[in-house]
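Heads up, the thing below is written out as structure tokens.
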Amino acid sequence: MAANLSPAADIGTRIMAWAHALAVHTEQPGMLTRTYLTEAHHGAAAQLTEWMQAAGMTVRRDAAGNVIGRYEGTEPGAPALLTGSHFDTVRDGGRFDGNLGVILPIACVAEWNRQGRRFPFAIEVVGFAEEEGVRFKATLLGSRAIAGTFDNNVLGNVDDSGKTMREVMAAAGFDPAGLPAAAHDPKKVLAFIEVHIEQGPVLLNEGLPVGVVTAISGASRFIIELEGLAGHAGTVPMDMRRDAAMAGAEIGLYIEKRCGGKPGLVGTVGQFNVPNGATNVVPGRAVFSIDIRCGDDAEREAAVNDVLAEIERVCTRRNVRAQVRKTHEAKSVPCAPWLQEQWAAAIARQGVPVRHLPSGAGHDSMAIAAIADVAMLFVRCGNGGISHHPTEIMTAADAELSARVFTDFVEHFQRQQ
Ligand code: HGY
Ligand code: MN
Ligand code: MN
1 MAANLSPAAD IGTRIMAWAH ALAVHTEQPG MLTRTYLTEA HHGAAAQLTE WMQAAGMTVR
61 RDAAGNVIGR YEGTEPGAPA LLTGSHFDTV RDGGRFDGNL GVILPIACVA EWNRQGRRFP
121 FAIEVVGFAE EEGVRFKATL LGSRAIAGTF DNNVLGNVDD SGKTMREVMA AAGFDPAGLP
181 AAAHDPKKVL AFIEVHIEQG PVLLNEGLPV GVVTAISGAS RFIIELEGLA GHAGTVPMDM
241 RRDAAMAGAE IGLYIEKRCG GKPGLVGTVG QFNVPNGATN VVPGRAVFSI DIRCGDDAER
301 EAAVNDVLAE IERVCTRRNV RAQVRKTHEA KSVPCAPWLQ EQWAAAIARQ GVPVRHLPSG
361 AGHDSMAIAA IADVAMLFVR CGNGGISHHP TEIMTAADAE LSARVFTDFV EHFQRQQ
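Residue numbers for the sequence shown follow full-length UniProt numbering, so the first one is 1 and each next one is one higher.
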């Protein structure tokens with residue numbers, strides 16, 4: 001049942017109600033987990049489709065499963081100002097990461113539609129089908145499809161149940177052969193603007209509701225599989241062990257130390273598994289993830305090289321074999337100054353101080369930058385700025401203000417000269 005609030009309800013309340021309504025589409029009761037092409041994902045896509053149609057948009061799904069709502073301009077078929085974000089989530093995630101950037105533009109288009117307002121360009125609101133990389137360990141799938149940079153090699157990636165992405169897409173009615181046709185013609189895209197929660201504490205600590213993103217940090221991600229030798233926890237002497245988990249732990253501590261030294265450089269081991277482990281068995285295998293990011297690509301690449309060298313050193317000394325698989329690499333992406341200026345002007349017209357800040361989190365804008373200039377509006381997060389966590393929160397007042405900034409941006413939008 002859609003949360004169809006009357007137009008009288010202020011837009012901030014409507015956006016919050018929709019975010020909570022969308023959160024019912026989860027694959028894990030009691031928490032929000034919505035990964036690519038699960039039943040919960042299909043339910044959310046149907047709900048977004050309903051809201052887009054009610055807002056006066058025509059809606060289509062492309063071969064990647066993106067939900068694309070189009071609000072025609074005064075000239076049918078005109079180039080579009082693209083906006084949107086992702087509607088998949090991390091496991092036990094928050095209900096605003098990604099989803100806000102789809103819901104808020106839909107709510108604004110619904111207002112323009114109610115007023116009969118059209119622009120000399122179309123507006124396309126995209127619900128990107130997959131950004132987090134949770135189910136198939138490949139990220140930005142939706143936005144890469146639209147950018148024409150989808151890497152078909154990931155179609156063979158398997159989920160925890162052993163199903164390949166290709167199988168899952170086909171079962172959901174999406175044909176990978178149609179992916180090239182999902183690419184947008186760059187000539188038909190004027191720019192891409194993304195509204196996203198900050199996922200950090202800067203705006204909150206400075207008492208600011210919104211900010212203009214200057215650049216999005218680049219990222220390198222790996223899955224590391226270590227193979228030592230399993231053994232009896234009670235009988236194998238400590239100096240004779242080839243303990244895969246301790247090798248991984250030593251590498252993890254090195255990552256923390258190496259990335260701890262430089263502002264803006266971060267390194268995370270987000271997943272760490274001992275497959276078929278047991279309390280009384282020396283781990284013969286360990287599998288863990290590495291995520292290293294920095295606004296400065298040279299710094300990130302230097303840190304990655306040092307970590308890979310340390311993996312070699314630790315594994316040689318411990319007589320453990322390492323398999324290193326890169327699962328994601330994205331250079332940092334600058335936000336276009338001519339678009340940043342228009343976000344700043346829209347914020348200033350609301351009487352709000354303008355704050356520019358970088359993004360440590362990755363976003364769909366990184367992929368869309370391959371075909372269009374991009375710029376992002378950050379919205380304040382509560383609870384210390386926490387995100388990728390069920391206590392991720394924002395306020396209806398900030399949703400209202402962000403919708404006013406977005407509306408103002410579009411109503412004053414000047415194409416690049
Ligand atoms: O990991 C990220 O930065 C994004 O939230 N997917
Ligand atoms: Mn996220
Ligand atoms: Mn996100």
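Ideal Cβ positions, reconstructed from N, Cα and C, are used throughout, including at glycine.
Apply the 10 Å Cβ neighbour rule to Pro209 and answer buried if 16 or more other Cβ atoms are within range, or exposed otherwise. Residue numbering aside, residue 209 sits at position 209 when the sequence shown is read from its first letter. It counts as buried.
What's the gap between the Cα of Met165 and the Cα of Ala219? Start at 1 with the first residue of the sequence shown, and residue 165 comes out as number 165. Start at 1 with the first residue of the sequence shown, and residue 219 comes out as number 219. Met165 and Ala219: Cα-Cα distance of roughly 23 angstroms.
For His41 and Phe128, the rounded distance between their alpha carbons: The residue labelled residue 128 in the question sits at position 128 within the sequence shown. The residue labelled residue 41 in the question sits at position 41 within the sequence shown. Phe128 and His41 have their C-alpha atoms spaced approximately 11 angstroms apart.
Distance between Val324 and Asp364 (C-alpha atoms, nearest Å): The residue labelled residue 364 in the question sits at position 364 within the sequence shown. The residue labelled residue 324 in the question sits at position 324 within the sequence shown. Those two C-alpha atoms are separated by around 26 angstroms.
With Phe409 as the anchor, note down where its alpha helix (DSSP H) starts and where it stops. The count along the sequence shown starts at 1 and reaches residue 409 at position 409. Per DSSP, Phe409 belongs to the alpha helix (DSSP H) from 396-411.
In terms of residue numbering, what span does the beta strand (DSSP E) encompassing Tyr71 cover? Residue numbering aside, residue 71 sits at position 71 when the sequence shown is read from its first letter. For Tyr71, the enclosing beta strand (DSSP E) covers residues 67-71.
For Arg349, which residues of its own chain have a beta-carbon under 6 angstroms away from its beta-carbon, when the five flanking residues on both sides are left out? Counting from one through the sequence shown, the residue named residue 349 turns up at place 349. Excluding residues within five positions, the ones whose Cβ falls inside 6 angstroms are Asp408.
Please list the terminal residues of the continuous alpha helix (DSSP H) segment that includes Thr13. Position 13 of the sequence shown, counted from the start, is the residue given in the question as residue 13. Taken as a continuous stretch (DSSP letters only), the alpha helix (DSSP H) holding Thr13 covers 11-22.
With DSSP collapsed to three states, give me the class of Thr49. Walking along the sequence shown from the start, residue 49 turns up at place 49. In this structure, DSSP gives Thr49 a helical state, which the three-state scheme calls helix.
Taking all protein chains shown into account, decide if Gly178 is buried (16 or more other Cβ within 10 angstroms of its Cβ) or exposed. Locating residue 178 in the sequence shown gives position 178, where the first residue counts as 1. The residue is exposed, with fewer than 16 neighbouring Cβ atoms inside 10 Å.
With a cut-off of 8 angstroms, do at least 3 Cβ pairs link the segment 106-117 to the segment 25-40? Per the Cβ contact rule, the segment 106-117 is not in contact with the segment 25-40 (fewer than 3 Cβ pairs under 8 angstroms).
How far does the alpha helix (DSSP H) with Leu204 in it reach, from first residue to last? Residue 204 sits at position 204 when you count from the first residue of the sequence shown. 202-205 is the extent of the alpha helix (DSSP H) around Leu204.
Using 8 angstroms as the cut-off, can you tell me whether the segment 154-163 makes contact with the segment 87-96, which would need three or more C-beta pairs spanning the two stretches below that distance? Touching, no.
By Cβ distance, which residues of its chain are closer than 6 angstroms to Cys108, with the 5 residues on each side in sequence left out? Residue mapping note: residue 108 aligns to position 108 of the sequence shown, counting from 1. For Cys108, where only same-chain residues beyond five positions count, the Cβ hits under 6 angstroms are Ala403, Phe406, Thr407.
Could you give the distance in angstroms between the alpha-carbon of Ile347 and the alpha-carbon of Leu190? By 1-based counting over the sequence shown, the position of residue 347 is 347. By 1-based counting over the sequence shown, the position of residue 190 is 190. Distance between the alpha carbons of Ile347 and Leu190 is about 21 angstroms.
Grouping DSSP H, G and I as helix and E and B as strand, with all else coil, what is Ser220? Mapped onto the sequence shown, residue 220 falls at position 220. In this structure, Ser220 counts as strand in the three-state DSSP scheme.
Going by C-alpha to C-alpha distance, which of Gly248, Ala278, Arg293 sits closest to Phe272? Residue numbering aside, residue 272 sits at position 272 when the sequence shown is read from its first letter. When C-alpha distances from Phe272 are compared across Gly248, Ala278, Arg293, the shortest belongs to Gly248.
Is DSSP giving Ile371 helix, strand or coil here? Along the sequence shown, read from residue 1 onward, the residue named residue 371 stands at position 371. In the structure shown, Ile371 adopts coil according to DSSP, grouped into three states.
Among the candidates Glu194, Phe150, Ala55, Glu124, whose CA atom is the shortest distance from the CA of Asn99? Translated into the one-based positions of the sequence shown, residue 99 becomes position 99. If we check each option's Cα against that of Asn99, Glu194 comes out closest.
Test item, CB below 5 angstroms from any non-hydrogen atom of ligand 3: That gives Asp97, Gly98.
Does the segment 228-243 come within contact of the segment 291-300, defined as at least 3 CB pairs closer than 8 angstroms? With fewer than three CB-CB distances shorter than 8 angstroms, the segment 228-243 does not count as touching the segment 291-300.
Quick check for students: name the residue ranges of the alpha helix (DSSP H) that lie wholly in the UniProt domain "Peptidase M20 dimerisation" (215-317), counting only runs of 4 or more. Runs found: 244-260.
With burial defined as no fewer than 16 other Cβ atoms inside 10 Å of the residue's Cβ, what is the status of Met1: buried or exposed? Mapped onto the sequence shown, residue 1 falls at position 1. Summary for Met1: the model assigns pLDDT 40, below 50, so the residue's position carries little reliability, and this model does not support an answer.
Quick check: is any heavy atom of ligand 2 less than 7 angstroms from the C-beta of Val281? The sequence position of residue 281 within the sequence shown is 281, counting from 1. Because no heavy atom of ligand 2 lies under 7 angstroms away, the Cβ of Val281 does not count as near it: no.
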